[in-house]
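Residue numbers (my numbering): 0 to 176.
No residue lacks a Cβ here, since even glycine has one placed at the ideal position from N, Cα and C.
Shown next, in C-alpha coordinates, is the structure this report addresses.
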Amino acid sequence: METQVTLLKRQSCRSFTKEQISDEELNILLQAANAAPVSMGNYDDVELCIIQNKEMIAEIEQTVASVMPVMGEHPAYEAPTIILINGKKENAEQAPLAWCNASCIAENIMLSATDLGLGSVYLYAVPFVLSQVSSIYQKLSIKDGFFPVVAVAIGNPQQEMNIRETSTDKIKKKIFL
(Lines of atoms letter the chains of each structure in order from A; the text may use other names.)
(Lines give C-alpha, C1' and ligand atoms only; values in the text may rest on other atoms or scores of the structure.)
Protein backbone atom coordinates (compact mmCIF):
# COMPACT_ATOMS: atom_id res chain seq x y z
CA MET A 0 0.00 0.00 0.00
CA GLU A 1 1.28 3.47 -0.77
CA THR A 2 1.92 5.82 2.14
CA GLN A 3 -0.81 8.32 1.18
CA VAL A 4 -3.39 5.54 0.83
CA THR A 5 -2.41 4.16 4.24
CA LEU A 6 -2.67 7.62 5.81
CA LEU A 7 -6.11 8.22 4.31
CA LYS A 8 -7.37 4.75 5.23
CA ARG A 9 -6.18 4.87 8.86
CA GLN A 10 -9.02 5.55 11.22
CA SER A 11 -10.14 4.48 14.65
CA CYS A 12 -11.74 1.06 14.61
CA ARG A 13 -14.07 0.30 17.50
CA SER A 14 -15.62 -2.93 16.26
CA PHE A 15 -13.43 -6.00 15.85
CA THR A 16 -14.05 -9.62 14.92
CA LYS A 17 -13.13 -12.30 17.49
CA GLU A 18 -10.37 -13.63 15.20
CA GLN A 19 -6.86 -13.18 16.57
CA ILE A 20 -4.25 -11.50 14.38
CA SER A 21 -1.59 -13.84 13.00
CA ASP A 22 1.92 -14.19 14.41
CA GLU A 23 3.23 -12.78 11.13
CA GLU A 24 0.99 -9.71 11.45
CA LEU A 25 2.08 -9.22 15.06
CA ASN A 26 5.73 -9.44 14.01
CA ILE A 27 5.19 -6.77 11.35
CA LEU A 28 3.50 -4.51 13.95
CA LEU A 29 6.42 -5.02 16.33
CA GLN A 30 8.87 -4.15 13.55
CA ALA A 31 6.90 -0.95 12.96
CA ALA A 32 7.04 -0.17 16.69
CA ASN A 33 10.79 -0.66 16.70
CA ALA A 34 11.15 1.63 13.66
CA ALA A 35 9.44 4.51 15.50
CA PRO A 36 11.47 7.52 16.55
CA VAL A 37 12.27 7.56 20.25
CA SER A 38 13.85 10.52 22.03
CA MET A 39 17.64 10.45 21.73
CA GLY A 40 17.40 6.85 20.48
CA ASN A 41 16.90 5.62 24.05
CA TYR A 42 14.86 2.51 23.27
CA ASP A 43 15.61 1.26 26.79
CA ASP A 44 13.17 3.96 27.97
CA VAL A 45 10.18 2.11 26.50
CA GLU A 46 8.79 -1.40 26.68
CA LEU A 47 5.87 -3.17 25.05
CA CYS A 48 3.37 -5.54 26.64
CA ILE A 49 1.53 -7.61 24.04
CA ILE A 50 -1.75 -8.83 25.51
CA GLN A 51 -3.63 -11.51 23.58
CA ASN A 52 -4.95 -13.55 26.48
CA LYS A 53 -8.77 -13.31 26.38
CA GLU A 54 -9.14 -13.54 30.15
CA MET A 55 -6.55 -10.82 30.74
CA ILE A 56 -8.21 -8.53 28.19
CA ALA A 57 -11.61 -9.17 29.81
CA GLU A 58 -10.14 -8.35 33.24
CA ILE A 59 -8.57 -5.16 31.89
CA GLU A 60 -11.84 -4.09 30.29
CA GLN A 61 -13.83 -4.86 33.45
CA THR A 62 -11.36 -2.94 35.62
CA VAL A 63 -11.31 0.11 33.37
CA ALA A 64 -15.10 0.08 33.01
CA SER A 65 -15.53 -0.03 36.79
CA VAL A 66 -13.10 2.85 37.39
CA MET A 67 -14.29 4.93 34.40
CA PRO A 68 -17.91 3.97 33.62
CA VAL A 69 -18.04 6.67 30.95
CA MET A 70 -15.79 4.40 28.83
CA GLY A 71 -18.54 1.79 28.57
CA GLU A 72 -18.45 -1.94 29.18
CA HIS A 73 -15.66 -2.58 26.65
CA PRO A 74 -13.14 0.28 26.74
CA ALA A 75 -10.74 -1.76 24.58
CA TYR A 76 -13.58 -2.57 22.17
CA GLU A 77 -13.12 -6.33 22.66
CA ALA A 78 -10.05 -6.24 20.41
CA PRO A 79 -8.16 -9.55 20.37
CA THR A 80 -4.78 -7.83 20.75
CA ILE A 81 -3.71 -4.90 22.90
CA ILE A 82 -0.22 -3.50 22.72
CA LEU A 83 0.51 -1.54 25.88
CA ILE A 84 3.37 0.94 25.52
CA ASN A 85 5.15 1.65 28.79
CA GLY A 86 7.59 4.46 29.48
CA LYS A 87 10.13 5.36 32.13
CA LYS A 88 8.62 7.28 35.03
CA GLU A 89 11.65 9.56 35.37
CA ASN A 90 11.18 10.73 31.77
CA ALA A 91 7.58 11.65 32.54
CA GLU A 92 8.69 13.66 35.56
CA GLN A 93 11.37 15.60 33.67
CA ALA A 94 9.52 16.21 30.41
CA PRO A 95 6.71 14.66 28.40
CA LEU A 96 9.14 12.31 26.64
CA ALA A 97 7.30 9.16 27.71
CA TRP A 98 4.10 10.40 26.00
CA CYS A 99 5.99 11.59 22.91
CA ASN A 100 7.81 8.27 22.52
CA ALA A 101 4.68 6.19 23.14
CA SER A 102 2.61 8.24 20.69
CA CYS A 103 5.21 7.85 17.93
CA ILE A 104 5.31 4.10 18.55
CA ALA A 105 1.50 3.89 18.62
CA GLU A 106 1.19 5.78 15.34
CA ASN A 107 3.68 3.47 13.63
CA ILE A 108 1.74 0.45 14.92
CA MET A 109 -1.60 1.88 13.74
CA LEU A 110 -0.28 2.79 10.28
CA SER A 111 1.26 -0.65 9.91
CA ALA A 112 -2.01 -2.25 11.04
CA THR A 113 -3.86 -0.25 8.38
CA ASP A 114 -1.36 -1.36 5.75
CA LEU A 115 -2.09 -4.99 6.76
CA GLY A 116 -5.86 -4.46 6.52
CA LEU A 117 -6.26 -4.56 10.31
CA GLY A 118 -8.22 -2.14 12.44
CA SER A 119 -6.71 -0.26 15.35
CA VAL A 120 -7.58 2.38 17.90
CA TYR A 121 -5.45 4.54 20.20
CA LEU A 122 -6.33 3.93 23.85
CA TYR A 123 -5.53 6.37 26.61
CA ALA A 124 -8.08 5.55 29.33
CA VAL A 125 -6.90 1.92 29.52
CA PRO A 126 -3.25 2.67 30.40
CA PHE A 127 -4.32 5.58 32.62
CA VAL A 128 -6.46 3.25 34.76
CA LEU A 129 -3.93 0.39 34.63
CA SER A 130 -1.24 2.65 36.06
CA GLN A 131 -3.44 3.04 39.15
CA VAL A 132 -4.44 -0.62 39.63
CA SER A 133 -1.51 -2.50 41.09
CA SER A 134 -3.00 -6.01 40.73
CA ILE A 135 -3.11 -5.84 36.92
CA TYR A 136 0.07 -3.80 36.83
CA GLN A 137 1.83 -6.75 38.52
CA LYS A 138 0.17 -9.37 36.29
CA LEU A 139 1.58 -7.56 33.27
CA SER A 140 5.08 -7.67 34.80
CA ILE A 141 5.70 -4.02 34.07
CA LYS A 142 9.31 -3.26 34.96
CA ASP A 143 10.08 -1.19 38.03
CA GLY A 144 10.39 2.45 37.11
CA PHE A 145 8.01 2.11 34.13
CA PHE A 146 4.31 2.94 33.76
CA PRO A 147 1.62 2.38 31.11
CA VAL A 148 1.48 5.40 28.82
CA VAL A 149 -0.57 4.49 25.75
CA ALA A 150 -2.18 1.37 24.33
CA VAL A 151 -3.28 0.33 20.87
CA ALA A 152 -6.14 -2.12 20.37
CA ILE A 153 -5.74 -4.16 17.18
CA GLY A 154 -7.76 -6.75 15.31
CA ASN A 155 -9.68 -7.54 12.19
CA PRO A 156 -12.29 -4.85 11.64
CA GLN A 157 -16.00 -5.72 11.47
CA GLN A 158 -16.30 -3.39 8.45
CA GLU A 159 -13.85 -2.59 5.71
CA MET A 160 -11.78 0.51 6.35
CA ASN A 161 -12.27 2.83 3.38
CA ILE A 162 -10.27 5.83 2.26
CA ARG A 163 -11.49 8.95 4.04
CA GLU A 164 -12.00 12.34 2.51
CA THR A 165 -9.58 14.81 3.99
CA SER A 166 -8.58 18.40 3.55
CA THR A 167 -5.99 20.85 4.72
CA ASP A 168 -8.60 22.83 6.69
CA LYS A 169 -9.13 20.66 9.79
CA ILE A 170 -6.12 22.06 11.62
CA LYS A 171 -5.86 25.82 11.84
CA LYS A 172 -2.63 27.11 10.39
CA LYS A 173 -0.56 30.22 9.93
CA ILE A 174 1.71 30.54 6.94
CA PHE A 175 4.68 32.88 7.07
CA LEU A 176 6.17 33.70 3.68
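Exercise. Just list the beta strand (DSSP E) runs in the segment 25-76, keeping only unbroken ones of 3 residues or longer that don't cross its boundaries, in chain order.
Key: 45-50
Quiz item: In three-state DSSP terms, what is residue 83?
Solution: strand
Quiz prompt | Neighbour-count burial assignment, residue 36, 16 or more Cβ in a 10 Å radius | solution = exposed
Quiz item: Quick one: what's residue 153 bridged to in DSSP?
Solution: 80 and 119
Quiz prompt | Of the listed residues 134, 96, 135 and 155, nearest to residue 39 (C-alpha basis) | solution = 96
Quiz item: Between the segment 15-25 and the segment 75-83, do at least 3 Cβ pairs fall closer than 8 Å?
Solution: yes
Practice problem: Taking 8 Å as the threshold, find out whether the segment 97-104 comes into contact with the segment 144-159 through three or more Cβ pairs. | Solution: yes
Exercise. With DSSP as the reference, please indicate the residues paired to residue 145 in a beta bridge.
Key: 87
Practice problem: Indicate whether residue 152 and residue 122 have their beta-carbon atoms separated by less than 8 Å. | Solution: yes
Quiz item: Does the beta-carbon distance from residue 8 to residue 161 come in below 8 Å?
Solution: yes
Quiz item: On the premise that residue 14 lies in contact with residue 158, defined as a C-beta separation below 8 Å, what is that separation, rounded to the nearest angstrom?
Solution: 7 Å
Quiz item: Is residue 131 near the ligand FMN, judged by its Cβ being under 7 Å from some heavy atom?
Solution: With respect to the ligand FMN, the structure offers nothing, as it holds no ligand at all.
Quiz item: CA-CA distance, residue 118 and residue 46?
Solution: 22 Å
Practice problem: Give the straight-line distance between the Cα atoms of residue 1 and residue 50, rounded to the nearest whole angstrom. | Solution: 29 Å
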